[in-house]
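Colleague: Numbering (my numbering), first residue to last: 1 to 498.
Even glycine gets a Cβ: it sits at the ideal position worked out from N, Cα and C.
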């Protein structure tokens, strides 16, 4: 028995399900405000069912109507720039009088976000480490924990849960929060129905314009999200004491046969990088173990940096390489475009043949008409897909990468042997350098990702190295490159001997 049927559940589905399950067990569901009609022959009658269903429908409408109004109010609240809940790390609460006179008279206020200078600097540092070094969450937390006075950790709402230091989960939440761009955002998490999972971005509610002072730019926020595909781990001091030597190229080299990262191992007084997958997951043709000497890999990296990124002749070489790759890609794209154009012409011919069917037919029945119409619809979809792909190919043929992006980088000769291990990894991580090892062909292919935002980061790294002289700041490229545009630089295979 319940007080009223809407006290059992506000949503009709749940209340009727409970009622049905009880009836299957021979138990009547009674409500105190309804007549009791249960007998041995039946548990309810038609009149009570109608009354109960009407009340359940009204109850569900009331809940949904209340949720819609509450949702709409929260959207307006967000778009006006008011914060919900505790201010996020890097900001502090700035309480303002409530815009409604009655609530303002009752002493109720609303909250806007205001910069906390000390913690805002920590947020900028976190994004710089993520974008500049591609550091992982735990690695960033370890760096921040080295000086907690300079990097005060967040304080949870419940003081009993305070850790007193940084952890990877806290860093991850800061990097994923778009409020640091100055926009107010709500509904990022499904707190009631999804176990606090992150909702799709198209369900987030954004303010139409910035409502508080930004700590980072939208471009930096976007770059930090893209950095999640590249993992660079940082060893803590306790781990370093038990792992000698320090592998200078860890997390940089991949196996070209299986795609796994190769790990460092000492062999015969040399450092090697090995790929040794498990027997069950080993691809066909993959040896039981492959090895690559570290000094040979560094020699390839030094040549790659000098040839395409930091050397005096980099622009010319990069342009020649880009033209070569572009010519190869253009030939392939032109061949694909011609094939698609022929398929489009063939589709047009088939369309004409279908029209010819109607011209030659003497009697029209419904089956014939429906078949022709359905086939015409399929051909129209096919032609739309072909035209879309042809337009994409033509756009790719018209667009050319701007290799002048490297003109903004310092021009210096790098001696990798004299470079400390930590600075070498930071430099390689800034360029997203990755080596792909092909053991059978004894080839090592080097890749890097170059963006306009790297100029100052690379300059800072190089100025920390003793053998690099600080020079005059080069001019920026004449043609601006969008932040989302990247140039994929490929280094021709280099033969080496073991």
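Report all residues from its chain with a CB closer than 7 Å to the CB of residue 207; omit the five preceding and five following residues, and keep chain order.
Modeller: Taking the first residue of the chain shown as 1, we reach residue 207 at position 207. Same-chain partners within the cutoff: 78, 79, 81, 183, 184.
Colleague: When you compare only the Cα positions, how much space is there between residue 258 and residue 271?
Modeller: Looking up residue 258 in the chain shown gives position 258. Looking up residue 271 in the chain shown gives position 271. So the two alpha carbons sit approximately 21 Å from each other.
Colleague: Write down the C-beta distance between residue 144 and residue 122 rounded to the nearest angstrom, noting that I regard them as a contact closer than 8 Å.
Modeller: Mapped onto the chain shown, residue 144 falls at position 144. Mapped onto the chain shown, residue 122 falls at position 122. That belief holds up - the Cβ atoms of residue 144 and residue 122 are roughly 7 Å apart, short of 8 Å.
Colleague: Under 9 Å between the Cβ atoms of residue 247 and residue 215?
Modeller: Your numbering for residue 247 matches position 247 in the chain shown. Your numbering for residue 215 matches position 215 in the chain shown. No, the Cβ-Cβ distance between residue 247 and residue 215 is not below 9 Å.
Colleague: If distances are taken between C-alpha atoms only, which option among 445, 142, 418 comes closest to residue 304?
Modeller: Locating residue 304 in the chain shown gives position 304, where the first residue counts as 1. Among 445, 142, 418, the Cα nearest to that of residue 304 is on 445.
Colleague: So residue 297 packs on residue 435, CB below 8 Å; how close in whole Å?
Modeller: By 1-based counting over the chain shown, the position of residue 297 is 297. By 1-based counting over the chain shown, the position of residue 435 is 435. Correct: roughly 6 Å between the Cβ atoms.
Colleague: Can you give me the Cβ contacts of residue 197 inside the same chain, cut-off strictly under 6 Å, excluding the 5 residues immediately before and after it?
Modeller: For the purposes of this step, residue 197 is taken as the residue at position 197 of the chain shown. So the qualifying residues of the chain are 190.
Colleague: Rounding to the nearest angstrom, what Cα-Cα distance links residue 53 and residue 28 in this structure?
Modeller: Residue 53 sits at position 53 when you count from the first residue of the chain shown. Residue 28 sits at position 28 when you count from the first residue of the chain shown. The alpha-carbon atoms of residue 53 and residue 28 are separated by roughly 16 Å.
Colleague: From residue 73 to residue 66, what does the alpha carbon distance come to, in whole angstroms?
Modeller: Position 73 of the chain shown, counted from the first residue, corresponds to residue 73. Position 66 of the chain shown, counted from the first residue, corresponds to residue 66. One C-alpha to the other measures close to 11 Å.
Colleague: Given this structure, state the Cα-to-Cα distance separating residue 30 from residue 200, to the nearest angstrom.
Modeller: To locate residue 30, count along the chain shown from 1; it is residue 30. To locate residue 200, count along the chain shown from 1; it is residue 200. The straight-line gap from Cα to Cα measures roughly 42 Å.
Colleague: Going by the CB atoms, is the gap between residue 152 and residue 119 shorter than 9 Å?
Modeller: Counting from one through the chain shown, the residue named residue 119 turns up at place 119. Counting from one through the chain shown, the residue named residue 152 turns up at place 152. Yes, Cβ-Cβ distance for residue 119 and residue 152 is below 9 Å.
Colleague: Run through DSSP, which three-state label would residue 433 get?
Modeller: The residue you call residue 433 lines up with position 433 of the chain shown. In this structure, residue 433 counts as coil in the three-state DSSP scheme.
Colleague: Can you give me the Cβ contacts of residue 60 inside the same chain, cut-off strictly under 7 Å, excluding the 5 residues immediately before and after it?
Modeller: In the chain shown, the residue the question calls residue 60 occupies position 60. Counting only Cβ-Cβ distances below 7 Å, and skipping sequence neighbours, we find 10, 11, 12.
Colleague: Is it buried or exposed for residue 103, if we count other Cβ within 10 angstroms and need 16 for buried?
Modeller: Looking up residue 103 in the chain shown gives position 103. Classification of residue 103: exposed, given that the 10 Å Cβ count is below 16.
Colleague: Can you name the residues that DSSP bridges to residue 263?
Modeller: On the chain shown, residue 263 is found 263 positions in, with the first residue counted as 1. According to DSSP, residue 263 bridges with 274.
Colleague: Where does residue 6 land, buried or exposed, given buried means 16+ other C-beta within 10 angstroms?
Modeller: Sequence index remark: in the chain shown, residue 6 carries index 6 (1-based). Buried, since its Cβ has 16 or more Cβ neighbours within 10 Å.
Colleague: If residue 437 sits next to residue 292, beta carbons under 8 Å apart, how far is it from one beta carbon to the other, in whole angstroms?
Modeller: Numbered from 1 along the chain shown, position 437 holds the residue referred to as residue 437. Numbered from 1 along the chain shown, position 292 holds the residue referred to as residue 292. Going by Cβ atoms, the distance from residue 437 to residue 292 rounds to 5 Å, so yes, they are a contact pair.
Colleague: Give me whichever residues DSSP pairs with residue 110 in a beta bridge.
Modeller: As a working mapping, residue 110 is identified with position 110 in the chain shown. 96, per the DSSP bridge assignment.
Colleague: Under a three-way DSSP split, which group does residue 78 fall into?
Modeller: If you number the chain shown from 1, residue 78 lands on position 78. Three-state result, residue 78: helix.
Colleague: Do residue 382 and residue 347 have their beta-carbon atoms positioned less than 9 Å apart in this structure?
Modeller: Residue 347 sits at position 347 when you count from the first residue of the chain shown. Residue 382 sits at position 382 when you count from the first residue of the chain shown. Result yes, Cβ atoms of residue 347 and residue 382 sit closer than 9 Å.
Colleague: How about residue 108 and residue 220: do their beta carbons lie closer than 9 Å?
Modeller: Within the chain shown, numbered from 1, the residue matching residue 108 stands at position 108. Within the chain shown, numbered from 1, the residue matching residue 220 stands at position 220. Cβ atoms of residue 108 and residue 220: not closer than 9 Å.
Colleague: Inspect the beta-carbon positions of residue 205 and residue 332 and report whether they are closer than 9 Å.
Modeller: As a first step, residue 205 must be located in the chain shown, where it is residue number 205. As a first step, residue 332 must be located in the chain shown, where it is residue number 332. For residue 205 and residue 332, no; Cβs fall outside 9 Å.
Colleague: Residue 115 by DSSP, collapsed to three states: which one?
Modeller: Here residue 115 refers to the residue found at position 115 of the chain shown. Strand.
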